[in-house]
Amino acid sequence: AQSVTQPDIHITVSEGASLELRCNYSYGATPYLFWYVQSPGQGLQLLLKYFSGDTLVQGIKGFEAEFKRSQSSFNLRKPSVHWSDAAEYFCAVGARAAGNKLTFGGGTRVLVKP
Amino acid sequence: GAGVSQSPSNKVTEKGKDVELRCDPISGHTALYWYRQSLGQGLEFLIYFQGNSAPDKSGLPSDRFSAERTGGSVSTLTIQRTQQEDSAVYLCASRTGTPGGETQYFGPGTRLLVL
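Chains as they are written, first to last, in this note's numbering: chain A, 153 to 266; chain B, 823 to 937.
Written out as structure tokens, the structure is:
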């Protein structure tokens, strides 16, 4: 069975500082990996995804993530956060063999200090 | 083009009543998913439709929950005899269903409150 762990429930970061959100997954083969962002009262917006190939993937809004098979991790980074990045971030794993249904981590809520 | 739409945006109901939640996927998307987001359980998969195949109902929490997809497009999630623990945001997502089309696009959700 698939599982996803986001160890940090809350992170507070100053505007302009760098941000890293951790994600660890459990799956027998190489899964599809996603990061979604959810602003208050909104649905989920895709930031980036990894299916295969280059392990460093670029997404929207200046985000990137790196797939590390040896660590079963897919951490999300942004070099310089903006106040508008305050939101909740979800890491998710899917697998074609399982109909691509997503298993989500518990989410990390990011607060940006001015 | 239009994204995934869901209706109603908000629904307040009394315990024991039935509710229907609607999802309109992106045009041409053959795969459709329902998820539930609640404070206690986080985001969890409920049910998955792919084309004309039998749906994957493995995530439905009880037999009070059911869903159908008519004409391969619109889907309705029905909760019978609602309970307070059904209060949550119900999210629908769709994807193309073709190889390379693994990304799911989410609707804004229906916020359900059971009193």
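Ideal Cβ positions, reconstructed from N, Cα and C, are used throughout, including at glycine.
- One thing to note: Gly246 of chain A has its Cβ no nearer than 7 Å to the Cβ of Gln158 of chain A.
- Interface criterion not met: the Cβ of Gly214 of chain A is under 7 Å from no Cβ in chain B.
- Annotated three-state conformation of Arg261 of chain A is strand, per DSSP.
- DSSP places Ala239 of chain A in the strand class (E or B) of the three-state scheme.
- According to the DSSP assignment, Cys845 of chain B belongs to the beta strand (DSSP E) that extends over Val841 to Asp846.
- In the structure shown, Asp908 of chain B falls within a helical segment according to DSSP collapsed to helix, strand and coil.
- Between the segment 165 to 181 of chain A and the segment 209 to 227 of chain A, the count of Cβ pairs shorter than 8 Å is three or higher; the stretches touch.
- Non-local beta-carbon contacts of Asp206 of chain A in its own chain, meaning distances under 6 Å to residues more than five positions away in sequence, are absent.
- If you look at Phe186 of chain A, you'll find it in the beta strand (DSSP E) that goes Tyr184 to Gln190.
- Think of a sphere of 8 Å around the beta carbon of Gly929 of chain B: the chain A residues whose beta carbon falls inside it are Gly195, in chain order.
- For Leu934 of chain B, the enclosing beta strand (DSSP E) has its first and last residue at Thr932 to Val936.
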